[in-house]
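Here the sequence shown stands for residues 198 to 319, numbered as in the working numbering.
Beta carbons are placed, not taken as given, at the ideal position from N, Cα and C, and that holds for glycine.
Report on one structure; see the data block that follows.
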Amino acid sequence: MSMKKVLIVEDDRFLRHLYRKKVEEAGFDAILASTGMEGLEQAMIQSPDIILLDFNLPELDGMGVLKELKNNPRTNKIPVIFLTNISDEENIKKVLAEGAQDYLIKSHNLPDEVIKKIKLFI
Numbered sequence: 198m199s200m201k202k203v204l205i206v207e208d209d210r211f212l213r214h215l216y217r218k219k220v221e222e223a224g225f226d227a228i229l230a231s232t233g234m235e236g237l238e239q240a241m242i243q244s245p246d247i248i249l250l251d252f253n254l255p256e257l258d259g260m261g262v263l264k265e266l267k268n269n270p271r272t273n274k275i276p277v278i279f280l281t282n283i284s285d286e287e288n289i290k291k292v293l294a295e296g297a298q299d300y301l302i303k304s305h306n307l308p309d310e311v312i313k314k315i316k317l318f319i
């Protein structure tokens with residue numbers, strides 16, 4: 198059986214590599230993207246099993262990425278978990294209404310808790 202793939206779309210290099218390490222330690226294959234456009238491209242090419250998506254991204258923000266993913270038949274079934282420090286209720290409601298599975302605040306969730314969430318959805 199092939200390893201489940203987790204696409205991590207995060208512009209902060211340190212966090213991107215921290216989450217990659219945790220994802221790989223949990224037995225998943227990590228795919229990295231540092232911009233919204235790169236994240237969309239990787240989602241199309243790699244067909245990940247789940248996507249960890251930051252909100253503030255260069256080129257195309259997380260909401261734009263989510264809308265594109267959900268409007269494309271090739272990617273609309275991939276679970277998306279937002280992982281961001283933007284914690285206002287309005288944004289949380291918006292992304293959940295657009296089809297995100299969950300919304301985690303980076304500063305409130307340790308990487309191990311993020312891995313638990315990933316396991317819930319794949």
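Just mark residue i as buried or exposed, buried being the case when its beta carbon has 16 or more other beta carbons within 10 Å.
i: Arg271; result: exposed
i: Glu235; result: buried
i: Lys219; result: buried
i: Leu307; result: exposed
i: Gln243; result: exposed
Which partner residues of residue i appear in the DSSP bridge assignment?
i: Thr281; result: Ile302
i: Leu249; result: Ile205 and Ile278
i: Ala227; result: Val203
Determine the DSSP secondary structure at residue i, reduced to helix, strand or coil.
i: Asp258; result: coil
i: Glu235; result: helix
i: Glu287; result: helix
i: Arg271; result: coil
i: Ala297; result: coil
i: Leu215; result: helix
i: Leu263; result: helix
i: Ile319; result: coil
Thinking residue i and residue j are a contact (beta carbons under 8 Å), I'd like their distance in whole angstroms, please.
i: Val277; j: Ala297; result: 5 Å
i: Lys202; j: Asp246; result: 5 Å
i: Phe252; j: Phe279; result: 6 Å
i: Lys264; j: Asn273; result: Not confirmed; about 11 Å, so no contact.
Check whether the region 301 to 308 touches the region 258 to 268, taking contact to mean three or more Cβ pairs, one atom from each stretch, closer than 8 Å.
They do not touch, by the three-pair rule.
Quick one: any contact between the region 224 to 244 and the region 205 to 215, if contact means 3 or more CB pairs under 8 Å?
yes
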